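Engineer: Residue numbers (full-length UniProt numbering): 1 to 257. Even glycine gets a Cβ: it sits at the ideal position worked out from N, Cα and C. Since we're looking at a predicted model, the values are computed, not measured. Here it is, the structure, as structure tokens.
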């Protein structure tokens, strides 16, 4: 049974687990990990098949969540960015006793557009899957560039994300393909409506992958959760606005600190 790469920093009373997005690894949190480890016991994770967590193939969302949970602290605040938001949400749904609070960042319970629901058009995700097989590196780079479009620091933020990818082993094509399949098919809108844990959703108003209407629609569908929209951020608000992001996270987590 393979273990995933896991690093723990800091000695805060509250455990905080950070889960990265598709194609990336835990180095993406480099810009905020020092600040957060001054307040939390911080857990940095490479999702199975990504970064230093090698030896995994394509996984379902449920399988990915169970593998991550194996090495997790008994109770923690779980924060997931993008695809990581789905993993953290799945853990909150299946093991609520292990989750003090849930934070999703630039994430959607349903990334795929359906009827009136705003999201990524399924043919766009299918196109990425097809292109992955043809030009692996360029497809990942295109996806990363999409994540920072529109922000004042877009070029610098895109460089940061690219450096994170290149600093660690690249995920295998089937792992990336499996991640895109999760983004294309998973829909947690209904199950998360019944979640009774403290729940914060953070968005970037300029996000090209999670349309800003998602925040308002979920405010209405999930009145038990809170939302925060960074007006000048895109898909990676913790990279473009690290100080404001850490402050918002500390304020939300203050009951557990």
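Leaving out five residues before and five after residue 157 in sequence, what residues of the same chain have Cβ atoms less than 7 Å from its Cβ?
Structural biologist: So the list reads 148, 151, 236, 239, 240, once near-sequence residues are dropped.
Engineer: Just verifying my parser: in three-state terms, what is the DSSP assignment at residue 52?
Structural biologist: The answer is coil: DSSP assigns residue 52 none of H, G, I, E or B.
Engineer: Could you compute how far the alpha carbon of residue 215 sits from the alpha carbon of residue 125?
Structural biologist: Cα-Cα distance, rounded: 21 Å.
Engineer: What is the DSSP secondary structure of residue 8, counted as helix, strand or coil?
Structural biologist: DSSP places residue 8 in strand when its eight states are reduced to three.
Engineer: For the segment 107-186, list the alpha helix (DSSP H) runs that are entirely contained and at least 4 residues long, ordered along the chain.
Structural biologist: Qualifying alpha helix (DSSP H) stretches, in chain order: 122-134, 136-146, 154-167, 173-185.
Engineer: For residue 121, I'd like the list of residues in its chain whose CB is within less than 6 Å of its CB, leaving aside the five on either flank, ordered along the chain.
Structural biologist: Within the same chain, residue 121 has close Cβ partners 113.
Engineer: Counting Cβ pairs closer than 8 Å, one from the segment 74-84 and one from the segment 98-108, do we hit at least three?
Structural biologist: With the cut-off at 8 Å, the segment 74-84 and the segment 98-108 touch.
Engineer: Indicate whether the contact test is met: 3 or more Cβ pairs, each with one atom in the segment 27-42 and one in the segment 58-66, closer than 8 Å.
Structural biologist: With the cut-off at 8 Å, the segment 27-42 and the segment 58-66 do not touch.
Engineer: Kindly indicate which three-state DSSP category residue 226 falls into: helix, strand or coil?
Structural biologist: Of the three classes helix, strand and coil, the one that applies to residue 226 here is strand, per DSSP.
Engineer: Would you kindly report the start and end of the unbroken beta strand (DSSP E) that includes residue 23?
Structural biologist: Looking at the DSSP string, residue 23 is not in any beta strand (DSSP E), and its letter there is neither H nor E.
Engineer: So, under 8 Å CB-CB, residue 18 and residue 29 are touching, yes? Tell me the CB distance rounded to an integer number of Å.
Structural biologist: The Cβ separation is near 5 Å, so the contact holds.
Engineer: Hey, residue 82 and residue 106: beta-carbon distance below 7 Å or not?
Structural biologist: It is a contact, given that the beta carbons lie within the stated cut-off.
Engineer: Can you tell which of 234, 61, 221 has the C-alpha that lies nearest to the C-alpha of residue 194?
Structural biologist: Of the candidates 234, 61, 221, the one whose C-alpha sits nearest the C-alpha of residue 194 is 221.
Engineer: Would you mind working out which of 26, 96, 253, 185 sits nearest residue 123, comparing C-alpha positions?
Structural biologist: Residue 185 is the option with its Cα nearest to residue 123.
Engineer: By the 10 Å Cβ neighbour count, where 16 or more other Cβ atoms means buried, how is residue 200 classified, buried or exposed?
Structural biologist: Under this definition residue 200 is a buried residue.
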